[in-house]
């Protein structure tokens, strides 16, 4: 497996679990939110793909998230479902399917255990590994956002935090680290920029990922670096993904989420 795919698995945080995307509801009441992001090439600015996120909320807690990855023209080619069903606060159950490549990866809950799986292409067999003993600091997929929210004060204070991150393409986990590297502005909003990188010597040779959070609301505003979405040749895109606040919507019901669940995925994107 290429080292870049290790970092790209961490790029799933672009599908961040919005620990502070609070619905304006009373605890126990069901509500639905959605928002969009656009991934552009880091060098020439062309649109690579788009993301549409659909969330089922209960109070301030996310019950389920569906993400549609779309071609530049809006046609969906991949889907991911994320649900916080495991015992770990930072490791949700998730399943990503990319119809262009026949690629799948994710985590299935198996009681108190969890099974990691990956399928590189439609012609390959699904590889599975049950991890019986996981470190208490194990983070997976969008659970990274919850990790950031839980350690916000330490990060803002300048600490470098180390943790283990699940890499489905390896059927294993690797050591990563995160720290704040700057304070900037996106439009009129002040943001804090956190950098994620592989731990150890690999962190010296593999570029990290920068994520920019609104300093006040702690919402993700921008992602920059190697993404978890692959191009038609199977190489991970390097992109900047913006999540503008005006692209967030309160939905009247579950229709948008259910439509995302059943949407047909295309096998190629029009050029």
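Numbering (this note's numbering), first residue to last: 82 to 352. Yeah, the Cβ is synthetic: ideal placement off N, Cα and C, and Gly gets one too.
Would you tell me roughly how many angstroms separate the C-alpha atoms of residue i and residue j, rounded to the nearest one?
i, j, result
"residue 130", "residue 152", "5 Å"
"residue 217", "residue 176", "22 Å"
"residue 133", "residue 149", "5 Å"
"residue 288", "residue 121", "18 Å"
"residue 160", "residue 238", "36 Å"
"residue 229", "residue 236", "8 Å"
"residue 301", "residue 210", "32 Å"
"residue 147", "residue 174", "12 Å"
"residue 296", "residue 328", "18 Å"
"residue 276", "residue 240", "12 Å"
"residue 333", "residue 136", "12 Å"
"residue 345", "residue 324", "24 Å"
"residue 280", "residue 336", "42 Å"
"residue 154", "residue 321", "18 Å"
"residue 203", "residue 183", "4 Å"
"residue 178", "residue 313", "14 Å"
"residue 186", "residue 252", "10 Å"
"residue 269", "residue 299", "15 Å"
"residue 158", "residue 271", "34 Å"
"residue 213", "residue 113", "35 Å"
"residue 315", "residue 258", "26 Å"
"residue 306", "residue 290", "5 Å"
"residue 347", "residue 119", "19 Å"
"residue 264", "residue 304", "15 Å"
"residue 193", "residue 341", "29 Å"
"residue 145", "residue 309", "20 Å"
"residue 169", "residue 349", "36 Å"
"residue 99", "residue 215", "Confidence at residue 99 is low in this model, with a pLDDT of 47, below 50, so its placement is unreliable and no value can be given for it."
"residue 126", "residue 162", "28 Å"
"residue 223", "residue 331", "21 Å"
"residue 50", "residue 116", "Because the chain here runs from 82 to 352, residue 50 falls outside it and cannot be looked at."
"residue 255", "residue 139", "32 Å"
Identify the continuous alpha helix (DSSP H) that holds residue i and give its terminal residues.
i, result
"residue 226", "224-231"
"residue 252", "That residue, residue 252, is in no alpha helix (DSSP H); it is neither H nor E in DSSP."
Check each candidate in the options and name the one with the smallest Cα separation from residue i.
i, options, result
"residue 362", "158, 171 and 110", "Given a span of 82 to 352 for the chain in the structure shown, any question on residue 362 remains unanswerable."
"residue 180", "156, 334 and 114", "156"
"residue 190", "165, 333 and 114", "165"
"residue 278", "225, 266, 234 and 249", "225"
"residue 171", "341, 347 and 246", "246"
"residue 351", "116, 128, 118 and 215", "128"
"residue 261", "326, 125, 233 and 254", "233"
Which residues does DSSP list as the beta-bridge partners of residue i?
i, result
"residue 115", "135 and 330"
"residue 151", "131 and 157"
"residue 176", "162 and 187"
"residue 266", "271"
Thinking residue i and residue j are a contact (beta carbons under 8 Å), I'd like their distance in whole angstroms, please.
i, j, result
"residue 195", "residue 220", "About 13 Å separates the two Cβ atoms, so there is no contact after all."
"residue 319", "residue 123", "5 Å"
"residue 199", "residue 188", "At roughly 10 Å, the Cβ-Cβ gap does not stay under 8 Å, so residue 199 and residue 188 are not in contact."
"residue 273", "residue 294", "5 Å"
If you follow the beta strand (DSSP E) that residue i is part of, which residue opens it and which one closes it?
i, result
"residue 339", "No beta strand (DSSP E) holds residue 339; the alpha helix (DSSP H) holding it covers 336-343."
"residue 271", "270-279"
"residue 321", "317-323"
"residue 190", "184-191"
"residue 306", "301-311"
"residue 123", "Segment: none, residue 123 is in no beta strand (DSSP E) and carries neither H nor E."
"residue 292", "290-295"
"residue 211", "208-212"
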